[in-house]
Amino acid sequence: TAKEFRDKIDEFFSETLPTIGDILPTRINDNFQVLKYAS
252 TAKEFRDKID EFFSETLPTI GDILPTRIND NFQVLKYAS
């Protein structure tokens, strides 16, 4: 349900994110792969 979804999102931001927040900068970057279109 929508309420369960909101509860899980809230749980992520209030419980999970503070726990893993210190390692995220080493795991997330802006080095996106550029894909070439098949011709």
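Position one of the sequence shown corresponds to residue 252 (our numbering), numbered consecutively onward. Built from N, CA and C at the ideal position, the CB exists for glycine as well. Predicted, not measured: the structure shown is a model, and the values here were computed from it.
Residue range 253 to 262 is occupied by the alpha helix (DSSP H) that includes D258. Take the alpha-carbon of N280 and the one of L268: they are about 17 Å apart.
Assignment of L268 by DSSP, reduced to helix, strand and coil, places it in the helix class.
In the three-state DSSP reduction, L275 falls in the helix class (H, G or I).
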